[in-house]
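Participant: Quick one: the structure is below, and I'll ask about it shortly.
There are 2 protein chains.
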Amino acid sequence: MIRIALDVMGGDFAPHEILKGAQETLKKVPDLSLVLVGPEEVLRSFPASSRAERVPAPEWVSMEESPSEALRKKPRASIRKALELLKAGEVQAVVSAGNSGATYAGALFVLGRLPGVRRPAIATVLPTLKRPAVLIDAGANVDCKPIHLLQFGYMGALFAEKILGIPYPRVGILSIGEEGGKGNFLVKRAHTLLSQSDLNFVGNLEGRQIYLGEAEVIVCDGFVGNICLKVSEGVAEAVTEMLKMEVKKDPLALLGFSLARKALRRFKKRTDWREYGGAPLLGVNGVVIIGHGRSDALAIKNALLVAKKFIETQLVERLSEALKQEKAQKNQALQ
Amino acid sequence: MIRIALDVMGGDFAPHEILKGAQETLKKVPDLSLVLVGPEEVLRSFPASSRAERVPAPEWVSMEESPSEALRKKPRASIRKALELLKAGEVQAVVSAGNSGATYAGALFVLGRLPGVRRPAIATVLPTLKRPAVLIDAGANVDCKPIHLLQFGYMGALFAEKILGIPYPRVGILSIGEEGGKGNFLVKRAHTLLSQSDLNFVGNLEGRQIYLGEAEVIVCDGFVGNICLKVSEGVAEAVTEMLKMEVKKDPLALLGFSLARKALRRFKKRTDWREYGGAPLLGVNGVVIIGHGRSDALAIKNALLVAKKFIETQLVERLSEALKQEKAQKNQALQ
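Chain order of the listed sequences is A and B.
Residue numbers for the first sequence follow numbering that gives the first Met the number 0, beginning at 0 and rising by one.
Residue numbers for the second sequence follow numbering that gives the first Met the number 0, beginning at 0 and rising by one.
Right, here's the structure in full:
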């Protein structure tokens, strides 16, 4: 039985939507048990069962708090407690939709990094017109050095290969203009390092090419990566909203859309970020899944399923093994 | 009669689509004359008229060339010649869909900056669910200092106020997380400067908030701004494509969509970047409009219309005047 710790105080809609998501997951996924971590008075409302353990943590980190300060001042915060359960081997993964900076800082502090990794990073799977692609880093490291981007390339490629099952994935770097000479200081220098690596490096990618599916791994710093994700969500929402507005003006179009109901539902599912679950924090010593801050019950269920998949596919062990091999092969790149 | 110089060699689809766009514009807009700049053999195909002058330039800058090198090695390039016509007062604006780095470098060299401006920047108008918003810088300056971002805020606000007619526009800085403490080094320091300014500064904006219309001016460095634009285009295209794919699977949905034809056409127009024309390079001493690299005839026509509007509304004079006032009021911020 797989056991996952869930931070019930993480996210804009915590604890209500988190608990609801937990309940729905337990109902639908039989071979999974949850350890709910949060204040006693919150947990009390959750029906106890053999598959739902409740571990009290009297404090929690809000979305606005400074991660390093929260880590120092709140040793009994729910996310910290959840990570400690993982460290102690009592659970196999942690899921939190809370303050991602605090989850990152806590994971570094409690679990530590895999050998050879300088900066763990958030890897998000994006839908494209072809295969799904991995964007790394999606927000853990806002200021990066070229060597960090090289490592993100290695971790992202391993993830795409071992978890998504894409052999020899194409790795690109998010930039402006396709030519290698284009980009900011960081990207130009990272481009040189990536070109010299043995990755299947395809050079600069423009924002447009991500969604055309022109690479399976997209490397960027966490500032650019997070903006890229949030802009994507915003555009998808705005485009859908504009479509609705135009259709509402016109009775014939309204009728037409009611005929297309099923196709529209499939479309909505395909463009809804909640369907893609959480994003793993790659490079720490354990399965840590970062959920979207605006997670509702559906998003939490999908984040838990992602965690389950990563446990089953032995993500961390494989990554650790692959990093060791990389290290043996070239003592330069990952040191 | 307004006279605009058009670089016929600029853009992925030059010269064919550029010439086609010129021809369509002349047909539809009577109070406009064009000066077409490009190699003689290309211009020869264009029907001469009292409203279409042809100025030969034997060289041109390709999309891949290094801007500074092109500027040095090709003194007779079409974009350079067009800018010289503007400098000499023979035209009132320049439009080019070519290598935007070369247009930027050429404009700096030939026209110079308005007094007080450190870095001219590209201001792009974005559609949002509320009013249009100005994103500045959309790609001219890939590596910026905090003071540059402050100036972009001033130029963007003047543009929103004087050209878009939005009094006291809200200015936000593109970042990750809404709180002031979040962002990379550059954004955190620019946030401090913007907070101390007399702009209507609303703090950090997440990518999602751009399209919700939560500010009228969005400040960012040109690297992030350009990625933001290209990602937006990519998502809008991908979402539309996914919708088509789902509808095609289902005959009933196909029928429904044929009923909604008109609404879909309005929607397409609203989300099509080509409808929004070109983006002005703010802060140089003249009206320079940068068209999208993938411009077709329609996009060129709209870029020419944008140039015309900027001439009519005396964009550069107003900006220059406003900058002088700003400078008089606070000798700090714009120096």
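For every residue, glycine included, the Cβ atom is placed at its ideal position computed from N, Cα and C.
Predicted, not measured: the structure shown is a model, and the values here were computed from it.
Could you tell me if F256/B is buried or exposed, where buried requires 16 or more neighbouring beta carbons within 10 angstroms of its beta carbon?
Facilitator: buried
Participant: Counting contacts by CB-CB distance shorter than 7 Å, is V133/A in contact with chain B?
Facilitator: no
Participant: Does DSSP put G276/B in a helix, in a strand, or in coil?
Facilitator: coil
Participant: Which residues in chain B have a C-beta closer than 7 Å to the C-beta of F256/A? List them in chain order.
Facilitator: Neighbours of F256/A on chain B, chain order: G255, A259.
Participant: Assign G180/A to buried or exposed, taking buried as 16 or more other Cβ atoms, counted over all protein chains shown, within 10 Å of its Cβ.
Facilitator: exposed
Participant: Measuring only between beta-carbons, confirm whether S99/B sits less than 7 Å from chain A.
Facilitator: Taking CB atoms only, S99/B has no neighbour in chain A less than 7 Å away.
Participant: May I ask you to list, following chain order, the residues of the region 132-165 of chain B that have a beta carbon less than 8 Å from some beta carbon of chain A?
Facilitator: G138, V141, D142
Participant: Taking only the alpha-carbon atoms, compute the straight-line gap between I289/B and V216/A and give it to the nearest angstrom.
Facilitator: 31 Å
Participant: Suppose you measure from the CA of K382/B to the CA of F158/B; what does that come to, to the nearest Å?
Facilitator: Here chain B covers residues 0 to 334 and nothing more, so residue 382/B does not appear.
Participant: Nearest-angstrom Cα distance between E213/A and K129/A?
Facilitator: 8 Å
Participant: By the three-class DSSP mapping on this structure, what secondary structure does I299/B have?
Facilitator: helix
Participant: Residues in the region 232-243 of chain A with C-beta within 8 Å of chain D's C-beta atoms, listed in sequence order?
Facilitator: Absence of chain D from the displayed structure is noted, the protein chains being A and B.
Participant: To which residues of the same chain is R118/A closer than 6 Å at the C-beta, ignoring the five residues directly before and after it?
Facilitator: Apart from sequence neighbours up to five positions away, the residues of its chain that approach R118/A with a beta-carbon distance below 6 Å are N140, H147, ordered along the chain.
Participant: Using the Cα positions of L333/B and Q150/B, report the straight-line distance between them to the nearest angstrom.
Facilitator: Confidence at L333/B is low in this model, with a pLDDT of 46, below 50, so the placement of that residue should be treated as unreliable; the coordinate-derived value is given next. So the two alpha carbons sit approximately 6 Å from each other.
Participant: Note down, in chain order, every chain B residue with its Cβ under 7 Å from the Cβ of F12/A.
Facilitator: The contacting residues do not exist; F12/A stays about 16 Å from chain B at best.
Participant: Please list, in chain order, all residues of the same chain as G182/B whose beta carbon is under 6 Å from its beta carbon, the five residues on each side excluded.
Facilitator: Here the set comprises S174.
Participant: Taking the alpha helix (DSSP H) that R265/B belongs to, which residues open and close that run?
Facilitator: 260-270
Participant: Beta-carbon within less than 6 Å of R169/A's beta-carbon, same chain only, minus the 5 sequence neighbours each way: which residues are those?
Facilitator: N199, V201, A214, E215
Participant: Nearest-angstrom Cα distance between P46/A and V7/A?
Facilitator: 14 Å
Participant: Check whether the region 316-324 of chain B touches the region 98-118 of chain B, counting contact only when three or more Cβ pairs, one atom from each stretch, lie closer than 8 Å.
Facilitator: yes
Participant: Assuming I335/A is part of the beta strand (DSSP E), what are its boundary residues?
Facilitator: Because chain A is modelled from 0 through 334, residue 335/A falls outside the range shown and cannot be assessed.
Participant: In angstroms, rounded to a whole number, what distance separates the CA positions of S44/B and R2/B?
Facilitator: Rounded to whole angstroms, S44/B and R2/B show a C-alpha spacing of 21 Å.
Participant: Residues in the same chain with beta-carbon distance under 7 Å from A235/B, minus the five sequence neighbours each way, listed in chain order, please.
Facilitator: T270
Participant: Taking only runs of the beta strand (DSSP E) that begin and end inside the region 34-104 of chain B, which ones reach a length of at least 3 residues, in chain order?
Facilitator: You should have 51-55, 92-95.
Participant: Contact between the region 248-268 of chain B and the region 276-291 of chain B is defined here as three or more beta-carbon pairs at a separation below 8 Å; is this criterion met?
Facilitator: no
Participant: With DSSP collapsed to three states, give me the class of I310/B.
Facilitator: Looking at I310/B - three-state DSSP - the assignment turns out to be helix.
Participant: So the beta strand (DSSP E) T123/A belongs to, where does it begin and stop?
Facilitator: Residues 120-125.
Participant: Please return the same chain residues whose Cβ sits closer than 6 Å to the Cβ of E58/B, not counting the five positions on each side in sequence.
Facilitator: K73, R75, A76
Participant: Would you check if the distance between the CB atom of G276/B and the CB atom of A296/B is smaller than 7 Å?
Facilitator: no
Participant: Comparing alpha-carbon positions, which option in S61/B, S49/B, S196/B lies nearest A10/B?
Facilitator: Note on identity: in this sequence residue 10/B is Gly, with Ala being the wrong assignment. Of the candidates S61/B, S49/B, S196/B, the one whose C-alpha sits nearest the C-alpha of G10/B is S61/B.
Participant: Using a C-beta cutoff of 7 Å, does L333/A count as contacting chain B?
Facilitator: Low local confidence applies: a pLDDT of 46 at L333/A is under 50, so the model's placement there is unreliable, and no value is given.
Participant: Could you tell me which residues DSSP pairs with I175/A in its beta bridges?
Facilitator: In DSSP, I175/A forms no bridge with anything.
Participant: Bridge partners for S257/A per DSSP, in chain order?
Facilitator: None, per the DSSP bridge assignment.
Participant: Could you spell out where the beta strand (DSSP E) holding F200/B opens and where it closes?
Facilitator: 199-204
Participant: Give me whichever residues DSSP pairs with R112/A in a beta bridge.
Facilitator: V283/A
Participant: DSSP three-state call for R117/A: helix, strand or coil?
Facilitator: The three-state secondary structure of R117/A, taken from DSSP, is coil.
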